[in-house]
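There are 4 protein chains.
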Amino acid sequence: MNKIRIGLVGLGRIGLQHAMNIAGRIQNAELTALCDLDRVKLEATADKLGAPHRFTAYEEIIACKDIDAVVIVSPSGLHARQIAGALNAGKHVFSEKPLGVTAAECKEAEKAAEANPDLTFMLGFMRRFDDSYKYAHDKVSAGEIGKPVLFRSYSQDPEKFIQGAIAYAPHSGGEFLDMAVHDIDLARWFTGSEPETVYAIGGCYAHPEFAQYQDGDNVSCLMKFKNGCMVFLFAGRTAPHGYNVETEIIGTKGILRIASVPQKNLVEVIDGYGVRRECSGNFLERFGMAYVNEVQEFVDCIIAGRKPLVTVYDGTRVSEIAYTCKEAFERGTLATF
Amino acid sequence: MNKIRIGLVGLGRIGLQHAMNIAGRIQNAELTALCDLDRVKLEATADKLGAPHRFTAYEEIIACKDIDAVVIVSPSGLHARQIAGALNAGKHVFSEKPLGVTAAECKEAEKAAEANPDLTFMLGFMRRFDDSYKYAHDKVSAGEIGKPVLFRSYSQDPEKFIQGAIAYAPHSGGEFLDMAVHDIDLARWFTGSEPETVYAIGGCYAHPEFAQYQDGDNVSCLMKFKNGCMVFLFAGRTAPHGYNVETEIIGTKGILRIASVPQKNLVEVIDGYGVRRECSGNFLERFGMAYVNEVQEFVDCIIAGRKPLVTVYDGTRVSEIAYTCKEAFERGTLATF
Amino acid sequence: MNKIRIGLVGLGRIGLQHAMNIAGRIQNAELTALCDLDRVKLEATADKLGAPHRFTAYEEIIACKDIDAVVIVSPSGLHARQIAGALNAGKHVFSEKPLGVTAAECKEAEKAAEANPDLTFMLGFMRRFDDSYKYAHDKVSAGEIGKPVLFRSYSQDPEKFIQGAIAYAPHSGGEFLDMAVHDIDLARWFTGSEPETVYAIGGCYAHPEFAQYQDGDNVSCLMKFKNGCMVFLFAGRTAPHGYNVETEIIGTKGILRIASVPQKNLVEVIDGYGVRRECSGNFLERFGMAYVNEVQEFVDCIIAGRKPLVTVYDGTRVSEIAYTCKEAFERGTLATF
Amino acid sequence: MNKIRIGLVGLGRIGLQHAMNIAGRIQNAELTALCDLDRVKLEATADKLGAPHRFTAYEEIIACKDIDAVVIVSPSGLHARQIAGALNAGKHVFSEKPLGVTAAECKEAEKAAEANPDLTFMLGFMRRFDDSYKYAHDKVSAGEIGKPVLFRSYSQDPEKFIQGAIAYAPHSGGEFLDMAVHDIDLARWFTGSEPETVYAIGGCYAHPEFAQYQDGDNVSCLMKFKNGCMVFLFAGRTAPHGYNVETEIIGTKGILRIASVPQKNLVEVIDGYGVRRECSGNFLERFGMAYVNEVQEFVDCIIAGRKPLVTVYDGTRVSEIAYTCKEAFERGTLATF
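Residue numbers (our numbering), protein chains in the order written: chain H, 2 to 338; chain B, 2 to 338; chain R, 2 to 338; chain Z, 2 to 338.
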């Protein structure tokens, strides 16, 4: 069986991780090309990972005859255009979230996906590929917890990264678009339903800098979904303990909690501070294997000719919902979908 | 030092527990009189607990010269009138929640308390007297978690008691008045603030019987408090695992969780179902010592001449808030306080 | 029903706790007399707790006609003689452990108990009256974990009390007699069997002061019980986290752990140190209710005329076993029982 | 950089896992050859994983010019001879434990390693490469828990695999050699010391079949190490809950526990059985990534020219210790090392 030859675009933090995974951790794939504006980083990374082709222009990598698929890890504002470009150039595409930063961009990506039905397109909602989330979803799907009553999900970034968050604030789109999208995706995936109404609140509890962008350092929203399920989401940037992504699904017959203790590993420390679990430090530490699993799934889908779990429409829908939450937050009123 | 002589009204489940506590678990108190309509139960209980005076009419017990204080554990609709009656008869009063079932009733109780400033009045929000809640409140008061960002509190009754809940539904006032009042009291106590807006949702996920009373079997609400704190409350009647009261306070510098595992005791069972903690079965099992502590505090306040932590106004305010939540839930709109 | 009138001997730390419990927390009991050498403390405590009779001589309290029972909380070396004295004076007796500090003393107490079969005698192995230990024992008795394979029990005192432990070292009898007796009692109670062989090791890991008394600051032993059960006990004086008493019983069909997280209460703290439970600080904090329950059981046994769970022979047997462990430890050889 | 070309010997369960890892999960390595007696399985696996060379005779694979290194996952009785053969043929060697099944075999492997100092030899004590064990070891090495006082380690296999264990009993060497070797390795690694004495007990609690091989279904031992550390090991074949490997290191300043809850993943289930974590089902589920990490370390050592953490002498020493434990168990006496 031939390996899927992958070209990767964007050597930021996640891009670099994806590149390393493709080079050494993904079965039936090889890292064939890299693309980044920074030529020094490009060459050094390509040398280290053994990638033969190197490009500084996106047009070149998608024109490269030696690659079958493109993995897009560029800035969010470029996603939609690059997705369309690669699909129309005949490449399978895996893109990090979000699909696009405007409704129009999302539609552009949708159109390209529809025009190329034989190509595999997949969006990187990596949490769905985390072993624990998958295990929980299987249980929900099997009816083990009955009918979903309340879906609660938190995304908390560590306070220690706050300077980065403040610097990125003008471009982040706000906490709902930047952070809660993953929880929105999970809510739709676990409930199999869509939101109907939302009330969103929050504010700047520690860092007033976010207010100028109509954003907060901690926000939350309560949504009623069409199937009746209550959905409560919380996103915060001031977690004292580390990187905390946790989810609870209360059903009529059982309850599941995923990572309610955001433990770093299986070590328990007992000392003057009590009996304690240290926490995950960042998203790569928590979701490192999910990043491997999602690209493995992308490669497996290409090989098997099956459609990925996450579609282009999921990308559009999650962005729309996050945008409505953001508006509800800014206006302080109830919003409907 | 003379013991405080207590007359207790109402020998239902909680009343009986209070009577046993006063007879044998409260320091500097004695159970001097009992009052209940059921003469057989009255005599049997009084004999067993050694209470010399027995009454079937409320007017008689508050007229009894041998008692200093009255503990009211009668049906909710009688609370306000009995509180006023006892205070005006010169007795100290401890009453189970709620203060009253209408705003007018609450005002009646307030007036009686104001007219008798030298008498001790205390309302039974027992959670404040649970060791774990007290410990957490001390930490919050000491500033250990910084500024409160999110207050989340759950009250879940076991599914196995659902027939009783359905039978009581016409009189319960709905989940916000019947269950969430404790969480509302905690939210005010922990944040030191008052609600500004509320959005409330929920429904009948397993038991359609509640719908006819404009109630649900599971409900939730998201409130914005005046100090900016987000407050999310959830009340449910279908808990598969037992009696679950848990609270989380996320602050800018730390997070506290009280009873996030609603464990029955310190035993961990490891078997084919995994590593597990069995859960509290009911509120008396969970809050048994809090029921002792609160009446002890009442007695200590009488002796020391100090004012209890919970005032008559707390009772009014919590009822008002719960009523507004109920209205918001019924209308499906945002409500303001 | 008449209350049991109790005279208490010894107002040290545990004695004071027992006195307060009898005065206000034990049903059907009253604190009628106190006895202590320190007259100032005696009078102050008796005034505060409302005890009418006060004695400085043991002979006087056991001669007092107004008491039915004696609770002995004096220094260990006085236990056996006082037990015999009180029984022979016609009083029911509850004594703190140990029964005696020599085999001869234990036999003296046994003889007095045998000579007074109508009087209730009970030894204070309070762990058996802790709700969690009782719950676990019920499960084991019901066969829920099958046949016991390994019984493991730890008793760890906090490092912060080390100066007291060093000061008391010449009189403590060593860690097996001073600390492990509770674990030995539990091992016999849970397995329903007796030890056959023991290997005991340990040393002074942080505090060389104990070596001069042939003792260690941390010791352990592995015993084979007659029914085949393996028993591993560990006793330490240098716990960094607080007071830690935990037990595990591995059976062929299930495993139980009691207090494997020695949590202070139900509060979980999440901050820069991780997700953590603070620990019990001392034995009164951990076993406060067990001290109430055991004396309640003593009183209930007197009233009902039934025999307590813990007999005088349990006291003798546990002391003998601890002494053999101590010898094995000192000699470094395998010992048989 | 050229990839390390690996030939793997033995396509049993672990062998197959190693083969898949080398083919797709190990950086800078490629699966070049496979060797197994079963030609059908050999060809199918080689086809699936893309391994060009296939052998049914060990002599052939070590003679193959296209491989740099051999990974040995054959039956235990072949290890020593195959290690020596491969080293003497100029190949780097990674072998699963044990090094050999007799002292003579271990010496044979030692001699071959000494004769080929430029070749990398590594033994597969995979627990050292588990993230949690590594994290804990780093803390111990950094002095965070002070001086080790007690090292406790459990290896428990699920009861559901008991038929396999019984079938393998004649060849397993007994629980100390078959299971406790990993704990012995950890004890030496964490304490940096060697055993001095051991007392070992146990028996057949559920399955008398093991008795005929002088083995038990559950055994334990207490060892005194030369640095004074107490070491308690427990190995069992009847775990009701799954595959449980847990370790505790009590130090004078802190305590670490690794996997004291042998959780399958981060999902917590709350239902009629309480609040529970499901358990790891088998060693591949628990140590899947450790199997990847250890071979990655082997490859990295070859490339970097550094010596692996685990030496041939560790293999010999662990086998010797396990054998002495086994003798102590069989004789029921104290043994010295």
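No residue lacks a Cβ here, since even glycine has one placed at the ideal position from N, Cα and C. Source: prediction; values computed, not measured.
query                                                                                                                                  : result
Simplified DSSP assignment, three categories, for His93 (chain H)                                                                      : strand
Selection from R:Leu17, R:Lys308, R:Glu298 and R:Arg26 that minimises the alpha carbon distance to Cys36 (chain R)                     : R:Leu17
Whether Gly125 (chain R) touches Ser96 (chain R) by CB criterion (8 Å)                                                                 : yes
Distance CB(Glu176 (chain Z))-CB(Phe338 (chain Z)) smaller than 8 Å                                                                    : no
Neighbour-count burial assignment, Pro263 (chain H), 16 or more Cβ in a 10 Å radius                                                    : buried
Unbroken alpha helix (DSSP H) run spanning His208 (chain B), endpoints                                                                 : Looking at the DSSP string, His208 (chain B) is not in any alpha helix (DSSP H), and its letter there is neither H nor E.
Rounded C-alpha distance that separates Pro171 (chain Z) from Tyr214 (chain Z)                                                         : 6 Å
Chain-order list of residues whose beta-carbon lies under 7 Å from that of Ala323 (chain H) (same chain, five-residue window excluded) : Phe177, Leu178, Ala181, Val182 and Ile185
Cβ separation of Arg258 (chain B) and Ile271 (chain R), assumed to be a contact under 8 Å, to the nearest whole Å                      : 7 Å
Of the residues B:Ile202, B:Ala58, B:Leu151 and B:Ala45, the one placed nearest Glu328 (chain B), counting alpha carbons only          : B:Ile202
Residues, ordered as in the chain, of the stretch 285-310 of chain H that lie near chain Z by beta-carbon distance below 7 Å           : none
Boundaries of the beta strand (DSSP E) in which Ile73 (chain R) is found, first to last residue                                        : Ala70 to Ile73
Residues, ordered as in the chain, of the stretch 140-162 of chain B that lie near chain Z by beta-carbon distance below 7 Å           : none
Contact check, Gly8 (chain B) vs Ser75 (chain B), beta carbons under 8 Å                                                               : no
Alpha helix (DSSP H) runs contained entirely in the stretch 19-62 of chain H, provided each spans 4 or more residues                   : 40-50
Phe288 (chain R) beta carbon less than 8 Å from that of Asp131 (chain R)                                                               : yes
Selection from Z:Ala260, Z:His242, Z:Lys254 and Z:Gly306 that minimises the alpha carbon distance to Thr248 (chain Z)                  : Z:Ala260
Residues of its chain near Ile167 (chain H), where Cβ-Cβ distance is below 6 Å and the 5 sequence neighbours each way are ignored      : Glu210
Own chain partners of Asn29 (chain B) with C-beta closer than 8 Å, once the 5 adjacent residues on each side are dropped               : Met2, Lys4, Ile5, Val300, Asp301 and Ile304
Close beta carbons around Tyr292 (chain Z), own chain, < 7 Å, minus the five adjacent residues each side                               : Gln18, His19, Asn22 and Met127
Leu178 (chain Z), DSSP secondary structure in three states                                                                             : helix
Interface partners of Arg137 (chain B) on chain R, CB under 8 Å                                                                        : Checking the sequence shown, residue 137 (chain B) turns out to be Ala, not Arg. Near Ala137 (chain B) (Cβ distances below 8 Å), the residues of chain R are Val268.
Contacts of Ile256 (chain H) in chain Z (Cβ-Cβ under 9 Å)                                                                              : Glu269, Val270, Ile271, Asp272 and Val276
Buried or exposed (CB count within 10 angstroms, at least 16 for buried), Thr103 (chain B)                                             : exposed
At least three beta-carbon pairs within less than 8 Å, the stretch 81-92 of chain B to the stretch 36-45 of chain B                    : no
Phe338 (chain H) (DSSP reduced to helix, strand or coil)                                                                               : coil
Beta-ladder partner(s) of Met123 (chain R), from DSSP                                                                                  : R:Phe95
Test: His208 (chain R) CB closer than 8 Å to a CB of chain H                                                                           : no
Three-state class that DSSP yields for Gln157 (chain Z) in the structure shown                                                         : strand
Limits of the beta strand (DSSP E) - the one that Phe233 (chain H) falls within                                                        : Met231 to Ala240
Environment of Gln164 (chain B) [buried if 16+ CB atoms lie within 10 Å]                                                               : exposed
Three-state secondary structure (DSSP) of Ile84 (chain Z)                                                                              : helix
Nearest to Cys222 (chain Z) (by Cα), restricted to the options R:Lys42, R:Asp218 and R:Tyr200                                          : R:Tyr200
Span of the beta strand (DSSP E), counted from its first residue to its last, around Val262 (chain R)                                  : Unbroken run through Val262 (chain R): none, as it is neither H nor E.
Distance, Ile256 (chain B) Cα to His138 (chain B) Cα                                                                                   : 12 Å
Within-8 Å CB hit, Val262 (chain B) to chain Z                                                                                         : yes
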